[in-house]
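Reviewing the structure listed below.
There are 2 protein chains.
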Amino acid sequence: MRKIGIRDVALLADVSNGTVSHYLNHPDRVSAEKAERIQRAIDTLGFVPNSAGRQLRLGRSNAIAYLAPDVSNPFFSSIAEGVEKRAAESGLSVFIANTHADRAREDAYLQMFEQHRVRGMLIASYEPIEDRLAQVRSRGTPAVLFGRPVEGTDLPYVAVDEVLGGRLAAQHLIDLGRQRLAFIGGPLGIKQVGDRLQGASDAVRESGSATLEVLNIPDRTIAGGKAVARELLARPVPLRPDGIFAVNDLLAIGILQTLIRGGVRVPDDVALIGYDDIEFAASSIIPISSIRSPHEVFGIAAVDLLLGVIAGDAEDIEVVYEPELVVRDSTAP
Amino acid sequence: MRKIGIRDVALLADVSNGTVSHYLNHPDRVSAEKAERIQRAIDTLGFVPNSAGRQLRLGRSNAIAYLAPDVSNPFFSSIAEGVEKRAAESGLSVFIANTHADRAREDAYLQMFEQHRVRGMLIASYEPIEDRLAQVRSRGTPAVLFGRPVEGTDLPYVAVDEVLGGRLAAQHLIDLGRQRLAFIGGPLGIKQVGDRLQGASDAVRESGSATLEVLNIPDRTIAGGKAVARELLARPVPLRPDGIFAVNDLLAIGILQTLIRGGVRVPDDVALIGYDDIEFAASSIIPISSIRSPHEVFGIAAVDLLLGVIAGDAEDIEVVYEPELVVRDSTAP
DNA sequence: TTGAAAGCGCTAACAT
DNA sequence: ATGTTAGCGCTTTCAA
């Protein structure tokens, strides 16, 4: 099958393999004449360098890895864009892996990429991954996390202030005059979810008058939103919340659609705000207010941070962005 | 940094490096006692095998590649699920690459994966890629295409019958009594788009009475759908189509939302059908009828086909699925 | 069951 | 400017 190596090229071009290698890596150090002979030989033979050989010799690859729980979630794929873009600028390839928020798969990929000796890993995970990562890092593969790691780690990370995001969302509903708020999302054990609830609950407490009900559901999807909205519809009207903060936009989309079909007026009867500001939120039948975190710039920042760590520029080991309130019709005054 | 190799393990375990390798690859051929010593040494040292070394020795990697134009499109990410699943069952890793429908990026990834000596590539592309792939294949890396390749290639592929899909969609609108159909989508040069239009146009012609207007737009996104729907709204009512076939669901979602906001009743005034049956189509405010192609099974089939090609089981070189009409409220009678 | 040793394809001294 | 050569880490005969 694939048999053509650098020596075949050298043979055909009638030079030494060292010269071919030079031509490949330092074209300026090869005479024009031989350069042409070599190029012709490469074309004739269909030579493609074997990266395993190069990598083995160099002791390192030129790839980084990006692990995300769900690449089909627009949030993570936007990050991927930024990552690829910046990596390409630095001459690095990116291996993307879809972990499906599954620990076993995360572990498998961690292992695989470590075996491949990637230069570093960028990791987004719902699962606590700090421990497993610590081992990988101690063996020499640097990593950058998306999202704030648990206390007590020195993991570099890129994050948004989720607590602030939660606060912004709840405060917005309160400013609208809503008093019976509901937080919909879960599992609360997930850091992002817990942080957003924390922020929301802070805002509610400080308001002195509003109340916050928590609907802890396992599934942050459109289907999950529909299901929980059906429960809401089953309640007598006075017991329904008048302001809903859905912990992500998918959930909000599902909730919105079911509420509307149930005859609830949004935002008049119930104001609704999501989180993440994915494209589908803006293009929903009633555009949904949301909390926007940086997406693409997120990926860029992570690559920069990783490169910094690799280069040994210890400097800042964390980058935190502030989320931003995006008001749309679902919470229009 | 990463210095621990098989020899270090061998040294610490007081065996030869060959024995360590045996333990790694054929554990049954190593005595229990040494096996334990080796394992202990591995743990102590934190040894992680270097896949470059293995790959170089073996002459092949154990990874395949999946190139898709847009992983954030649920259609392609569903395929990815199937691919990963089946690949894992066969002990293969999958490298996912996002080409952004950009030829240069496709080429870059093609080259990169060829250099990495992947076992094979699975490729979804809007661009004609057959020629470039031919070279790769001739050098020994097999490939399987998603979607029917241009005539005259022997590229193995997995596809759905897009012409049939287009026909099903249009026929459904016609069966509903719609006479002034509009096909919305483009660019027509893209195979899938052209094929779907072909099928729709066949159905219209055979109906003998219906007409088909083509709105050729460059952008198959929600935003694109909104834009074209605004054009429709600007028309006098009698000049609007009474049945719309959007070439994909994203487009249909955008169209639906703008039409509804414009006071058009769906499906009463205009019946609307999309294509792909992504999750968002079913969960739209008015669930959108669509043409469903197999998604996950698609990825599975592609891997199987690739494995077949690798193994040399020439058998069938093409797998074609039939799409299926999914009727929802947007075309309810 | 275990060890010794050759070599996969490549790069980078070093020598010329 | 070009050639020679020694490995990078691993697997796998082949012997013992």
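Line by line, the protein sequences give chains S and E. Residues 7 to 339 (the numbering used here) are what the first sequence spells out, left to right. Residues 7 to 339 (the numbering used here) are what the second sequence spells out, left to right. Here a beta-carbon is modelled for each residue, glycine too, at the ideal position from N, C-alpha and C.
To the nearest angstrom, how far is it from the Cα of residue i to the Cα of residue j?
i                     : j                     : result
residue 227 (chain S) : residue 79 (chain S)  : 10 Å
residue 280 (chain S) : residue 252 (chain E) : 28 Å
residue 395 (chain S) : residue 322 (chain S) : Not covered by the structure: residue 395 (chain S). The range shown for chain S is 7 to 339.
residue 265 (chain S) : residue 256 (chain E) : 23 Å
residue 311 (chain E) : residue 132 (chain E) : 21 Å
residue 7 (chain E)   : residue 146 (chain S) : Per-residue confidence for residue 7 (chain E) stands at a pLDDT of 47, beneath the threshold of 50, marking its modelled position as unreliable; the derived number appears in the next sentence. One C-alpha to the other measures close to 5 Å.
residue 269 (chain S) : residue 179 (chain S) : 21 Å
residue 71 (chain E)  : residue 127 (chain E) : 5 Å
residue 316 (chain S) : residue 86 (chain S)  : 20 Å
residue 303 (chain E) : residue 88 (chain E)  : 6 Å
residue 243 (chain E) : residue 237 (chain E) : 12 Å
residue 177 (chain E) : residue 143 (chain E) : 40 Å
residue 202 (chain E) : residue 171 (chain E) : 6 Å
residue 160 (chain S) : residue 154 (chain S) : 11 Å
residue 98 (chain E)  : residue 319 (chain E) : 19 Å
residue 292 (chain E) : residue 336 (chain E) : 6 Å
residue 262 (chain S) : residue 288 (chain E) : 14 Å
residue 21 (chain S)  : residue 12 (chain S)  : 11 Å
residue 108 (chain E) : residue 101 (chain S) : 18 Å
residue 158 (chain S) : residue 40 (chain E)  : 39 Å
residue 111 (chain E) : residue 120 (chain E) : 14 Å
If you follow the beta strand (DSSP E) that residue i is part of, which residue opens it and which one closes it?
i                     : result
residue 186 (chain E) : 186-191
residue 166 (chain E) : 163-166
residue 211 (chain S) : Not the beta strand (DSSP E): residue 211 (chain S) falls in the alpha helix (DSSP H), residues 197-213.
residue 99 (chain E)  : 99-104
residue 69 (chain E)  : 69-74
residue 327 (chain E) : 324-327
Are residue i and residue j closer than 8 Å when you measure CB to CB?
i                     : j                     : result
residue 28 (chain E)  : residue 36 (chain E)  : yes
residue 56 (chain E)  : residue 125 (chain E) : no
residue 92 (chain E)  : residue 325 (chain E) : no
residue 338 (chain E) : residue 273 (chain E) : yes
residue 234 (chain S) : residue 190 (chain S) : yes
residue 59 (chain E)  : residue 10 (chain E)  : no
residue 224 (chain E) : residue 249 (chain E) : no
residue 6 (chain S)   : residue 277 (chain S) : For residue 6 (chain S) there is no data in the structure shown, the boundaries of chain S being 7 and 339.
residue 219 (chain E) : residue 187 (chain E) : yes
residue 182 (chain E) : residue 163 (chain E) : no
residue 94 (chain E)  : residue 130 (chain E) : no
residue 294 (chain E) : residue 258 (chain E) : yes
residue 81 (chain E)  : residue 282 (chain E) : yes
Please list, in chain order, all residues of the same chain as residue i whose beta carbon is under 8 Å from its beta carbon, the five residues on each side excluded.
i                     : result
residue 173 (chain S) : 205, 206, 208 and 209
residue 50 (chain E)  : 18
In the DSSP assignment, the alpha helix (DSSP H) including residue i goes from what residue to what residue?
i                     : result
residue 23 (chain S)  : 23-31
residue 84 (chain S)  : 80-95
residue 57 (chain S)  : 57-64
residue 139 (chain S) : 136-144
residue 50 (chain E)  : 38-51
residue 54 (chain E)  : Note, residue 54 (chain E): premise wrong, no alpha helix (DSSP H); not H, not E.
For residue i, I'd like the list of residues in its chain whose CB is within less than 6 Å of its CB, leaving aside the five on either flank, ordered along the chain.
i                     : result
residue 260 (chain S) : 228, 231 and 232
residue 156 (chain S) : 136
residue 43 (chain E)  : 19
residue 166 (chain S) : 299, 327 and 329
residue 106 (chain E) : none
residue 139 (chain E) : 149
residue 212 (chain S) : none
residue 198 (chain S) : 168
Going by the C-beta, is residue i closer than 7 Å to any heavy atom of the ligand SAM?
i                    : result
residue 73 (chain S) : With respect to small molecules bound, the structure shown includes none, and the ligand SAM cannot be examined in it.
Checklist line | Residues of the segment 290-304 of chain E with Cβ closer than 8 Å to any Cβ of chain S, in chain order | finding: 290 and 291
Checklist line | Members of the segment 50-81 of chain S near chain E, C-beta cut-off 7 Å | finding: 52, 54, 55, 56, 57, 58, 59, 61, 62, 77, 78 and 80
Checklist line | Interfacial residues, the segment 137-155 of chain S to chain E, with Cβ spacing under 9 Å | finding: Those residues of the segment 137-155 of chain S that come within reach of chain E (Cβ to Cβ, closer than 9 Å) are 141, 142, 144, 145, 146 and 147.
Note to self: Please identify, using Cβ separations under 7 Å, the residues of the segment 116-132 of chain E that lie next to chain S, in order along the chain.
What the structure shows: 118, 120, 121, 122 and 123
Item checked: Under 9 Å (Cβ pairs) to chain S, residues found in the segment 192-208 of chain E -> Cβ contacts with chain S: none found.
Check: Going along the chain, which residues of the segment 214-233 of chain S sit with their C-beta nearer than 8 Å to a C-beta in chain E?
Finding: Along the segment 214-233 of chain S, the positions whose C-beta sits under 8 Å from a C-beta of chain E are 228, 229 and 232, read in chain order.
Check: Going along the segment 94-114 of chain S in order, which residues come within less than 9 Å of chain E, judged by CB to CB distance?
Finding: 94, 99, 100, 101, 102, 103, 104, 106, 111 and 114
Next item on the list: Using a Cβ-Cβ cut-off of less than 8 Å, list which residues of the segment 239-261 of chain S approach chain E; keep chain order.
Entry: 259 and 260
Notebook entry, point to check: For the segment 266-288 of chain S, which residues have a beta carbon sitting closer than 7 Å to at least one beta carbon of chain E?
Noted result: 266, 285 and 286
Notebook entry, point to check: Between the segment 177-192 of chain E and chain S, which residues of the former have CB atoms less than 8 Å from a CB of the latter, in chain order?
Noted result: none
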